[in-house]
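Below is one structure, written out as structure tokens; comments come after it.
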Amino acid sequence: MTIRIKKDKTSPGLLRTVEKLADVDLSVCFQCKKCDSGCPVSNLTGAPPSEILRRLHLCAGNELLASDLVWMCVSCETCFVRCPMGIDIPSVIDALRGLAVEQKTPAPEGNMPLFNRVFLKTVEMFGRTYDLGMIVAHKIGTKTYMKDAEKFPGMLRKRKIALLPPRGADRKMVKRIFDSVRRAKEKQK
Amino acid sequence: MKYAYYPGCASDSTAREQHASCSAVARALGIDLTEIEGWTCCGTTPAHQTDRVLSASLPAANLARAQKMGLDVVVTCAACYSMLKMANYEVLRHPKIREHVGEALGHDYDGSVRVRHFVEVLLEDVEIDRIKKALKRSLNGLKVACYYGCLLVRPPEVNRFDNPENPVSLDRLVTAIGGESLDWPHKVECCGGALSLTRSDVVVKLSDAVLTMARAAGAECVAVACPMCQINLDLRQSDIKKETGRDHNLPIIYITQLLGLCLGISADKLGLEKLMVSPERIVQRLT
Numbered sequence: 007m008t009i010r011i012k013k014d015k016t017s018p019g020l021l022r023t024v025e026k027l028a029d030v031d032l033s034v035c036f037q038c039k040k041c042d043s044g045c046p047v048s049n050l051t052g053a054p055p056s057e058i059l060r061r062l063h064l065c066a067g068n069e070l071l072a073s074d075l076v077w078m079c080v081s082c083e084t085c086f087v088r089c090p091m092g093i094d095i096p097s098v099i100d101a102l103r104g105l106a107v108e109q110k111t112p113a114p115e116g117n118m119p120l121f122n123r124v125f126l127k128t129v130e131m132f133g134r135t136y137d138l139g140m141i142v143a144h145k146i147g148t149k150t151y152m153k154d155a156e157k158f159p160g161m162l163r164k165r166k167i168a169l170l171p172p173r174g175a176d177r178k179m180v181k182r183i184f185d186s187v188r189r190a191k192e193k194q195k
Numbered sequence: 004m005k006y007a008y009y010p011g012c013a014s015d016s017t018a019r020e021q022h023a024s025c026s027a028v029a030r031a032l033g034i035d036l037t038e039i040e041g042w043t044c045c046g047t048t049p050a051h052q053t054d055r056v057l058s059a060s061l062p063a064a065n066l067a068r069a070q071k072m073g074l075d076v077v078v079t080c081a082a083c084y085s086m087l088k089m090a091n092y093e094v095l096r097h098p099k100i101r102e103h104v105g106e107a108l109g110h111d112y113d114g115s116v117r118v119r120h121f122v123e124v125l126l127e128d129v130e131i132d133r134i135k136k137a138l139k140r141s142l143n144g145l146k147v148a149c150y151y152g153c154l155l156v157r158p159p160e161v162n163r164f165d166n167p168e169n170p171v172s173l174d175r176l177v178t179a180i181g182g183e184s185l186d187w188p189h190k191v192e193c194c195g196g197a198l199s200l201t202r203s204d205v206v207v208k209l210s211d212a213v214l215t216m217a218r219a220a221g222a223e224c225v226a227v228a229c230p231m232c233q234i235n236l237d238l239r240q241s242d243i244k245k246e247t248g249r250d251h252n253l254p255i256i257y258i259t260q261l262l263g264l265c266l267g268i269s270a271d272k273l274g275l276e277k278l279m280v281s282p283e284r285i286v287q288r289l290t
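Taken in sequence, the protein lines are chains V and P.
Using my numbering, the letters of the first sequence map in sequence onto residues 7 to 195.
Using my numbering, the letters of the second sequence map in sequence onto residues 4 to 290.
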């Protein structure tokens, strides 16, 4: 990998913020690249996990949030299991995701941030996930109406996906949790 | 044997057959699964990608309910399993997170409720000998690739489920019911589940790699214990065929469905008809 750094780069970048959010010490990474070897998407991404960590060491700023691994990471935790220094890399990626949403980084291919939002919205509304509702909302948001459309008749016939929203959950508790998390976030700002 | 049962959201949608087969197997083996009343979503990937307190609080709400029941929690979904265990881990390790979770729930939760996967209950509490005694049929040497995926085994400090690189829990069950569990290298590779809807191009590549390896090992079916692995590997076979020309035609079947068949439970009670790739030829193989 070649990492280019601007000559006048003096700001510490995202390193400390990410370390704090993810509760990790990234200085222990010695670039053995075991994380890349086990990563199921490292050959599909522009920058594998070790490069993300190195860029952080080298004071990368918000430009790092546009790396495709930030949203292509499958959260499989293999890198974490195999890291000889025990770095919780999935939490680093989660921290970068949080920052990407906060900074309103342009939506990545497949728009995972939208998926997360509509998923959590159905949870907040019904107390449990409502697959069909969230799929429709994601399709509208990404204008991918025909993607996987051929699968639904068979799934519905087999009742492999629920048609109606779920019932029976303690919705008040879930609402309470979401409200509390929102309040805490606002207070931080 | 009595447990607080957390079915998880998929039990009412994409994994009804896992819920049905797990309940039927539990009944047949004298395991009492009492559903946690009013249980709510664990938040899964979208929660942990969004906020650390949210991703601990959503599972903790259910653990707190189970605590009132005074029972261990039993889970069938690997994603729920991992989220519930992670919530305990976070609350126990970080007083600050415990405090925030307490604020969110309206009461303190101490992180002490024991969380177990149904497979662990089968192996540790029921035990192989008792399962063997209850068998009515055998898999008759069926070649099974046991697939664990990610969230059952990782991260090991949190889950403490079997060996994270070479787990054998499902293999032990398959062997006990007369199947041949295959030695193959993709037991814990990821199928891409988290990207199921958003990046199916990535999912097709990852699932294809898993299924290609299973077939190379001689598998007649793949046994799973996670709804995300199941639907991904099952549903995406048509896309894999379209994009690569490889027609895997491998039934992806829940371990509880295989076990249920051998306990003499009928195919319809186990929801076998819900699988996209028909498991008919497996049922035919049984003796």
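Every residue gets a Cβ at the ideal spot worked out from N, C-alpha and C, and that includes glycine.
Since this is a predicted model, take the numbers as computed values, not measurements.
Sort out for me which residues DSSP pairs residue i with in a bridge.
| i | result |
| --- | --- |
| Glu38 (chain P) | P:Tyr8 |
| Ile93 (chain V) | Its beta-bridge partners do not exist; DSSP assigns none. |
| Ser184 (chain P) | P:Val147 |
| Val118 (chain P) | P:Val76 |
| Ile255 (chain P) | P:Val225 |
In or out: residue i buried (at least 16 other Cβ within 10 Å) or exposed?
| i | result |
| --- | --- |
| Ser85 (chain P) | buried |
| Thr53 (chain P) | buried |
| Tyr136 (chain V) | buried |
| Val34 (chain V) | exposed |
| Phe238 (chain V) | Outside the displayed span of chain V (7 to 195) sits residue 238 (chain V), for which this structure offers no information. |
| His110 (chain P) | exposed |
| Tyr151 (chain V) | exposed |
| Leu5 (chain V) | It is not possible to answer for residue 5 (chain V), since the shown part of chain V is limited to 7 through 195. |
| Thr290 (chain P) | exposed |
| Gln37 (chain V) | exposed |
| Glu127 (chain P) | exposed |
| Gly44 (chain V) | buried |
| Arg10 (chain V) | exposed |
| Lys277 (chain P) | buried |
| Phe3 (chain V) | This structure cannot settle anything about residue 3 (chain V), because the visible part of chain V is limited to 7 through 195. |
| Lys12 (chain V) | exposed |
| Met279 (chain P) | buried |
| Met91 (chain V) | exposed |
| Leu170 (chain V) | exposed |
| Arg173 (chain V) | exposed |
| Arg239 (chain P) | buried |
Among the residues of its own chain, which have a CB less than 6 Å from the CB of residue i, if the five just before and after it don't count?
| i | result |
| --- | --- |
| Val161 (chain P) | Lys88, Met89, Tyr92 |
| Val124 (chain V) | Met140, Ala143, His144 |
| Ile234 (chain P) | Thr17 |
| Val129 (chain P) | Leu32 |
| Ser48 (chain V) | Asp42, Pro54 |
| Trp42 (chain P) | Tyr9, Asn65 |
| Met118 (chain V) | Trp77 |
| Gly114 (chain P) | Asn91, Val94, Leu95 |
| Ile99 (chain V) | Cys79 |
Skipping 5 residues on each side, what residues in its chain have a beta carbon closer than 7 Å to that of residue i?
| i | result |
| --- | --- |
| Ala27 (chain P) | Gly263, Ile268, Lys272, Leu273 |
| Arg140 (chain P) | Leu264, Cys265, Gly267, Leu289, Thr290 |
| Ser24 (chain P) | Tyr257, Thr259, Gln260, Gly263, Leu273, Gly274 |
| Cys149 (chain P) | Leu173, Asp174, Val177, Ser184, Lys190, Ala226 |
| Ala63 (chain P) | Ala90, Val94, Val104, Leu108, Tyr112 |
| Gly67 (chain V) | Ser17, Gly19, Leu20 |
Please list, in chain order, all residues of the same chain as residue i whose beta carbon is under 8 Å from its beta carbon, the five residues on each side excluded.
| i | result |
| --- | --- |
| Val124 (chain P) | Met4, Tyr6, Ile34, Val77 |
| Glu40 (chain P) | Arg68 |
| Ala212 (chain P) | His189, Glu192 |
| Ile100 (chain P) | Arg55, Val56, Ala59, Glu93, Val94 |
| Val286 (chain P) | Leu264, Ala270, Leu275 |
Could you tell me if the beta carbon of residue i falls within a distance shorter than 7 Å of some heavy atom in the ligand GDP?
| i | result |
| --- | --- |
| Gln194 (chain V) | No copy of the ligand GDP occurs in the structure displayed, which carries no ligand at all. |
Looking at chain C, is there any beta carbon in it that lies within less than 8 Å of the beta carbon of residue i?
| i | result |
| --- | --- |
| Pro112 (chain V) | No chain C is part of this structure, whose protein chains are labelled V and P. |
Using a Cβ-Cβ cut-off of less than 7 Å, list which residues of the region 91-107 of chain P approach chain V; keep chain order. Among the residues of the region 91-107 of chain P, those with a Cβ less than 7 Å away from any Cβ of chain V are His103, Glu106, Ala107, in the order of the chain.
The region 34-61 of chain V: which residues have C-beta closer than 8 Å to a C-beta of chain P, in chain order? Closer than 8 Å at the C-beta level to chain P, one finds these residues of the region 34-61 of chain V: Pro46, Val47, Leu50.
Using a Cβ-Cβ cut-off of less than 7 Å, list which residues of the region 145-176 of chain P approach chain V; keep chain order. For the region 145-176 of chain P, residues whose beta-carbon sits nearer than 7 Å to a beta-carbon of chain V comprise Cys153, Arg157, Pro158, Pro159, Pro167.
Extract the residue ranges of the alpha helix (DSSP H) inside the region 21-86 of chain P, only unbroken runs of 4 or more that lie entirely within it. Uninterrupted alpha helix (DSSP H) stretches at least 4 residues long and entirely within the region 21-86 of chain P occur at 47-51, 55-72, given in chain order.
Within the region 138-195 of chain V, note down every full alpha helix (DSSP H) run reaching 4 residues or more, in order along the chain. DSSP runs (the alpha helix (DSSP H)) wholly in the region 138-195 of chain V: 158-163, 177-194.
Which residues, in order along the region 271-285 of chain P, keep a beta-carbon less than 8 Å from a beta-carbon of chain V? Result list: Glu276, Lys277, Met279.
Check each residue of the region 131-143 of chain V: if its Cβ is closer than 9 Å to any Cβ of chain P, include it; give the result in chain order. So the close ones are Phe132, Gly133, Arg134, Thr135, Tyr136, Asp137, Leu138, Met140, Ile141.
Relative to chain P, which residues along the region 151-164 of chain V have a C-beta separation below 9 Å, given in chain order? Listed by position, the residues of the region 151-164 of chain V near chain P (Cβ gap below 9 Å) are Lys153, Asp154, Glu156, Lys157, Gly160, Met161, Lys164.
Pull out every residue of the region 54-68 of chain P whose Cβ sits closer than 7 Å to any Cβ of chain V, in chain order. Answer set for the region 54-68 of chain P: Asp54, Val56, Leu57, Ser60, Leu61, Ala64.
Below 9 Å between beta carbons is the criterion; list the residues of the region 173-198 of chain P that meet it against any residue of chain V, in chain order. Residues passing the 9 Å Cβ filter: Val191, Glu192, Cys193, Cys194, Gly195, Gly196, Ala197, Leu198.
Below 9 Å between beta carbons is the criterion; list the residues of the region 76-99 of chain V that meet it against any residue of chain P, in chain order. Result list: Trp77, Met78, Cys79, Val80, Ser81, Cys82, Glu83, Thr84, Phe86, Val87, Arg88, Gly92, Asp94, Pro96, Ser97, Ile99.
Output, in sequence order along the chain, the residues in the region 225-244 of chain P whose CB is closer than 7 Å to any CB in chain V. Cβ contacts with chain V come from Leu238.
Would you list, in chain order, the members of the region 178-191 of chain V that have their beta-carbon closer than 7 Å to a beta-carbon of chain P? Residues of the region 178-191 of chain V that bring their beta carbon within less than 7 Å of a beta carbon in chain P comprise Met179, Val180, Arg182, Ile183, Ser186, Val187, Ala190, in sequence order.
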